[in-house]
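Data first, discussion second: the structure below is written as structure tokens.
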Amino acid sequence: MIPFRLLAFCLLGVVTMFATGCAGKAGMAKTQGSSEERPAADQPLAQAPSSRPETPPDEPLDPFAKAGEGADEEYDPWEPVNTNIFEFNRKVDRFVLKPVAKGYNFVVPDMVQVGVSNIFTNLRFAPRFLNNVFQGKVKGAGIEMGRFLINSTVGLAGFFDPAKHIDLVTPEEDMGQTLGFYGVKPGPYLVLPFLPPFTVRDFIGYVGDVFLNPINWLVVPIIEVNNVPSVIAHKNRMTSSIIQTGSRVGEIVNERSRNLEKYQGVEEATLDLYAAVRNAYLQKRAQAIRE
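Laid out in structure tokens, this is it:
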């Protein structure tokens, strides 16, 4: 039995990325081991050249590029609804998430914030590893395994990232990229409450990654299967819900705190934030699948 809590977790789970979505996803695809750098919105915003058929892997993604430049052609048939939901998400960020993140940033040192981010990245090892395997990326899977073993031991449960210092890094892989690797089309662009930008394919991939993470089955279960044991018993659903929700909220606030100034700069520099976020997201996903 898979309870309704799974859907609730999905809605809470990706608000971490929602902060990035609200502020604008400008920047290169994140590479494992770069957690001491700011996420995508930290990258400088580049002016779009007059003609650019494809975005090279080492070129920053440009949220101001015209649709179709450096990415698959945009498909946004739900734009009126998407725009309204996008504005709702921005208000949640402005009036709730941002003030909380400011207080958190005042109290928690930067080094601790980086360490917290590293821990959450380390906990999501399994989906990244499996998606490398699904795509036949043996080297990437090996690097992910090596990173997890080193950071979980020498790095004190992932708080530090010593694997990065020996150049043990690889691009992140997720189920959305795996579906794209096998030819699944992106489908319409999609914006949902409390969530980051998606295409239909990437949203399906996100849900798939929830299932691929054994923590959600065997440690703090939000996915319950008969005769599959877990560290926290299935009957203790309230305990699982509190831990899952608390950890997710903590990750959300931590990531938003790390990007306060950069997100503010992106919003102030952009006239049409919705279009900028959409174009940057589609460029980033197209580049990630090409890699």
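With this note's numbering applied, the sequence shown corresponds to residues 676 to 966, in that order.
We put the CB at the ideal spot given by N, CA and C, even for glycine.
Keep in mind the model is a prediction, meaning the values are calculated, not measured.
Could you check which residue in Asn759, Ile760, Val782 has the C-alpha nearest to that of Arg933? Val782
Using 8 Å as the threshold, is the stretch 799-808 in touch with the stretch 839-856, meaning 3 or more CB pairs across them? yes
Exposed unless 16 or more other CB atoms sit within 10 angstroms - verdict on Phe763: exposed
With hydrogens ignored, establish whether the beta-carbon of Phe823 is closer than 7 Å to any heavy atom of the ligand NAD. In the structure shown, the ligand NAD is absent, as is every other ligand, since no ligand is present at all.
6 Å Cβ shell around Val894 - same chain, five flanking residues per side excluded: Val906
Go ahead and pull the three-state DSSP assignment for Pro846. strand
At which residues does the alpha helix (DSSP H) containing Leu948 begin and terminate? 948-965
Is the separation between the beta-carbon of Lys766 and that of Leu935 shorter than 8 Å? no
How long is the line joining the alpha carbons of Glu943 and Pro904, rounded to whole angstroms? 50 Å
C-alpha distance - Val791 paired with Phe834, whole-angstrom precision: 6 Å
Applying the 10 Å Cβ sphere with the 16-neighbour rule, what's the burial state of Val941? buried
Have a look at Gly851 and Asp884 and give me their C-alpha separation to the nearest angstrom. 9 Å
In whole angstroms, give me the CA-to-CA distance for Ile677 and Val900. At Ile677 the pLDDT is 47, less than 50, meaning the model places this residue with poor confidence and gives no usable figure here.
Straight-line Cα distance separating Tyr956 from Leu865: 11 Å
Between Arg799 and Asn888, how many whole angstroms is the CB-CB distance? I'm expecting something under 8 Å. 7 Å
Jot down the residue ranges of each uninterrupted beta strand (DSSP E) in the stretch 792-838, minimum 3 residues, whole runs only, in chain order. none
For the alpha helix (DSSP H) that contains Leu887, what are its first and last residues? 875-887
Whole-angstrom distance between Thr945 and Asp842, CA atom to CA atom: 35 Å
7 Å CB neighbourhood of Phe761 in its chain, flanking five on each side removed: Val866, Tyr949
Quick one: using the 10 Å Cβ neighbour count with 16 as the cut-off for buried, is Leu854 buried or exposed? buried
State the Cα-Cα distance for the pair Ile890 and Phe878, rounded to the nearest angstrom. 20 Å
Cutting at 7 Å between CB atoms, please list the residues of its own chain near Val829, excluding the five before and the five after it. Pro837
Coarse secondary structure for Leu935, derived from DSSP in three states: helix
What number of angstroms, rounded off, separates the C-alpha of Asp751 from the C-alpha of Gln958? 14 Å
Local Cβ density within 10 Å of Gly811, reported as buried at 16 or more and exposed below that: exposed
In this structure, does DSSP put Tyr864 in helix, strand or coil? strand
Tell me whether the beta-carbon of Val952 lies closer than 8 Å to the beta-carbon of Pro861. no
For Ser967 and Ile897, what's the separation of their Cα atoms in angstroms? A question about residue 967 goes unanswered here, because the residues of the chain that appear run from 676 up to 966.
Taking Cβ positions, are Asn856 and Ile964 nearer each other than 8 Å? Reading off the sequence, residue 856 comes out as Phe, not Asn. Yes, Cβ-Cβ distance for Phe856 and Ile964 is below 8 Å.
Inter-residue Cα distance where the pair is Asn954 and Thr758: 14 Å
Which residue from Gln939, Arg960, Asp947 puts its Cα closest to that of Arg876? Arg960
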